[in-house]
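**Q**
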Amino acid sequence: MTDVESAPMRAGFWRRVGALVIDCLVVLVPLQIVVAILFAMSNGSIQGSFGLVSRTCAPVALAPSGLEPPPPADANTFSECEIGFFGLPTARTLAIGTVKQEGNTTSGRFITYSLDAQGNPVNAFTTDWIAILAVVVYLIAMERRSGATFGKRTLGIRAVPTGTPGQIGLPLRQAVIRQAAKWIGMVPGVLFAVVVFFVIEDPFAAMETQGYWTMFAIAAVIQIAWLLWIAISVSRKHDPIYDRIAGTSVLRT
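If you read the sequence shown in the working numbering, its first letter stands for residue 353, the second for the next number, and so on.
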């Protein structure tokens, strides 16, 4: 009898998700500790609300003075939130909104301000985008080196160029394309956020127009469809679209 070596199996949905969760913890937990230290040292001028955070919110009677931009004149709800990592403060915010009741329909619009450790307005530097960038750089570097991040190695899977299961590590070009392609479906949501916060002069007024909600619905549908497409492909042990674009596969080891 001749032993025939079976082809490596593609990683399933839960192995991929579990590996990503482990990798996010590996990168984000140390960053959260650093942000908690910087929040205390800078009196809230450096903040972060990413990762494993707890959020405690409570209504307040009035907004502090000095808020920029000034809150809407018809604001009628004020909520202050403390964000922390296992009891260590990492951010503090104030959400000011206008809630209206028209018949059976309730609508609202809100703006969020950063506060320092004492609850005063502060022009804080947010580290959330740094956390996202750190995760992406980590994934690219680890897959470039060995094809396996800590999460992938823990769950016994590895990224390889399609058709070459024995190769160790991805070429840099493939590693970059693989991570970039994951975000294609998120582009409409990012563009929507840019238009709302940096192009439209009065986002609150825009929320009351049909065009605003049409753009929001289109971006949301595209993002949900993108995620479902990826989830279904992986569940069927097929290469998801971003792996096909990059020419890679994730195999069980």
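Just so it is clear, CB atoms sit at the ideal spot from N, CA and C, and this is done for glycine as well. Just so it is clear, the structure is predicted and the values come from calculations on it, not from any experiment.
(1) Helix, strand or coil for Val-412? Go by DSSP, reduced to three states.
(2) Let's see if you can read the secondary structure: which residues bound the alpha helix (DSSP H) around Leu-390?
(3) Using the three-state DSSP reduction, which class does Gln-470 fall into: helix, strand or coil?
(4) Quick check on the DSSP output: the beta strand (DSSP E) that includes Val-602 runs from which residue to which?
(5) Starting from Lys-452, trace the beta strand (DSSP E) both ways and give me its first and last residue.
(6) Where DSSP assigns a beta bridge to Arg-505, which residues make up the other side?
(7) Of the choices Phe-437, Thr-445, Trp-366, whose alpha-carbon is the least far from that of Val-387?
(8) Could you tell me if Ser-601 is buried or exposed, where buried requires 16 or more neighbouring beta carbons within 10 angstroms of its beta carbon?
(9) For His-590 versus Arg-367, is the C-beta spacing smaller than 9 Å?
(10) Could you tell me whether the segment 522-529 touches the segment 499-513, using the rule of 3 or more Cβ pairs below 8 Å?
(11) Using 9 Å as the threshold, is the C-beta distance between Gln-562 and Gly-541 below it?
(12) Tell me, which residues are paired with Gly-541 by DSSP?
**A** Straight from the coordinates:
(1) The residue labelled residue 412 in the question sits at position 60 within the sequence shown. Coil at Val-412, not helix or strand.
(2) For this step, residue 390 is matched to residue 38 along the sequence shown. Note, Leu-390: alpha helix (DSSP H), 365-393.
(3) Here residue 470 refers to the residue found at position 118 of the sequence shown. Three-state result, Gln-470: coil.
(4) To locate residue 602, count along the sequence shown from 1; it is residue 250. Here the beta strand (DSSP E) through Val-602 covers 600-604.
(5) Looking up residue 452 in the sequence shown gives position 100. Per DSSP, Lys-452 belongs to the beta strand (DSSP E) from 440-454.
(6) Working through the sequence shown from its first residue, we reach residue 505 at position 153. Beta-bridge pairing links Arg-505 to no other residue.
(7) Position 35 of the sequence shown, counted from the first residue, corresponds to residue 387. Nearest C-alpha to Val-387: Phe-437.
(8) On the sequence shown, position 249 is the one that residue 601 refers to. The residue in question, Ser-601, is buried, as its Cβ has 16 or more Cβ neighbours within 10 Å.
(9) Counting from one through the sequence shown, the residue named residue 590 turns up at place 238. Counting from one through the sequence shown, the residue named residue 367 turns up at place 15. No, the pair does not count as a contact, with Cβ atoms beyond the cut-off.
(10) yes
(11) Reading the sequence shown from its first residue, position 210 is the one you call residue 562. Reading the sequence shown from its first residue, position 189 is the one you call residue 541. Not a contact, by the Cβ cut-off of 9 Å.
(12) Translated into the one-based positions of the sequence shown, residue 541 becomes position 189. Answer by DSSP bridge pairing: none, since Gly-541 is not bridged.
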